[in-house]
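Please read the structure below before turning to the comments.
Numbering (the working numbering), first residue to last: 59 to 419.
Now the structure itself:
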């Protein structure tokens, strides 16, 4: 197992390099960039709308390497020295290979630089958005697992019954409802839209949060999270519930279960003493990757609708503003986390079922 772990850890390096290189190349084909954003700001235009007025391929990085400042759209009236200073400030006066090499070298030392438009480090930007993503990711994952696993077991035990059919219909309908559409409906009904005003419309906490007692802070926190979590998790029950049900159905019909029943064990002992460990293998082992996928991706539409400033909104704004340090910094950090979590998932498989041996493969 030690050799397998070492091999997987070494594979992280070329994987990260390839992902960064691919995304770095894609950026070159995207119109607009940080310099062009600033040019439009200096001229009094809307910087975020500048990308729609940029024609042709190639962003600021590609244009700067050719030392052709006239390639920037909307630069009329600006001194050439200003353009050159902007290129030098962002490092776009260097060849693409040198820019990419410098970025990779800095990232290997966990130096992600500063945001182009926020005047703070990339790490500080991410940490600022973390509370929203942690809240949505942590609680939605726990809610989905706490509900889906017992429900899947019950559906497997009562396979084909009215309960099984009814619950399958409910979770499939929930899976088919877009989260953002449900979010709008919840606001209209419960957040002062057209009917009731029971829940807050925006933010993760109230303005007077710091003045509340400990219990008041907890209540206020979950009061704000209630509607976003409903919209965020509504489609997450179907997959895990059906996976749990099918895993239990596969195990229930095996010979060792029949033997346990023949020995006179109660059905509950058979189910949770024998079936549970084998049936839950794929579900328990998949928990780390399931959590990290929800944790790092965020939901742009849910965050926008409920005015939650999280990683989903950060990623969208960074792309819109061509904030390259934030784009590539978050890409590197969360790709690295994802690769490590995948390795942890494999190790969990071995812990849950020692018969699995990745190294022998």
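Glycine residues also receive a C-beta, built at the ideal position from the N, C-alpha and C atoms.
Exposed unless 16 or more other CB atoms sit within 10 angstroms - verdict on residue i
i	result
residue 156	exposed
residue 160	exposed
residue 60	exposed
residue 317	exposed
residue 220	exposed
residue 187	buried
residue 76	exposed
residue 94	buried
residue 328	buried
residue 314	exposed
residue 224	exposed
residue 218	exposed
residue 71	exposed
residue 253	exposed
residue 240	buried
Other residues of its chain near residue i: CB distance less than 8 Å, five sequence neighbours each side excluded
i	result
residue 216	222
residue 263	275, 278, 279 and 282
residue 271	none
residue 319	325 and 328
Closest Cα partner of residue i within the set the options
i	options	result
residue 245	282, 180 and 263	282
residue 285	242, 379, 275 and 405	242
residue 81	153, 182, 146 and 162	162
residue 377	260, 211, 317 and 174	174
residue 306	83, 340 and 408	340
residue 260	361, 177 and 273	361
residue 302	185, 212 and 273	212
residue 201	71, 289 and 327	289
residue 158	185, 382, 70 and 342	382
residue 83	338, 71 and 154	154
residue 69	409, 364, 374 and 394	394
residue 294	268, 203 and 375	203
residue 79	165, 146, 319 and 292	165
residue 185	409, 267 and 384	384
residue 363	337, 85, 379 and 287	287
Residues of its chain near residue i, where Cβ-Cβ distance is below 6 Å and the 5 sequence neighbours each way are ignored
i	result
residue 258	282
residue 401	66
residue 308	none
residue 359	238
residue 248	254, 256 and 257
residue 312	none
residue 125	Unreliable positioning characterises residue 125 in this predicted model, as indicated by a pLDDT of 39, which lies under 50. The coordinate reading is nonetheless provided below. Cβ neighbours of residue 125 beyond the five flanking positions: none.
residue 374	358
Nearest-angstrom Cβ-Cβ length linking residue i and residue j, presumed shorter than 8 Å
i	j	result
residue 73	residue 397	6 Å
residue 406	residue 342	7 Å
residue 179	residue 291	Not a contact, Cβ separation roughly 33 Å.
Neighbourhood of residue i by C-beta, 7 Å cutoff - its chain only, sequence neighbours within 5 removed
i	result
residue 181	170
residue 176	183
residue 250	259
residue 409	none
residue 214	303, 306, 307 and 310
residue 189	262
residue 267	275 and 278
residue 269	none
Any non-hydrogen atom of the ligand GTP within 7 Å of residue i CB
i	result
residue 373	You won't find the ligand GTP in this model; it holds no ligand whatsoever.
Is the region 205-219 touching the region 291-310 in the sense that three or more CB pairs, one from each, lie closer than 8 Å?
yes
Does the region 383-393 come close enough to the region 169-183 that 3 or more CB-CB pairs lie under 8 Å?
yes
Does the structure place the region 228-243 close enough to the region 330-340 that three or more beta carbon pairs sit under 8 Å?
no
Do the region 232-239 and the region 316-329 touch if we need at least three Cβ pairs shorter than 8 Å?
no
When you compare the region 354-369 with the region 187-201, are there three or more beta-carbon pairs, one atom per stretch, that lie closer than 8 Å?
yes
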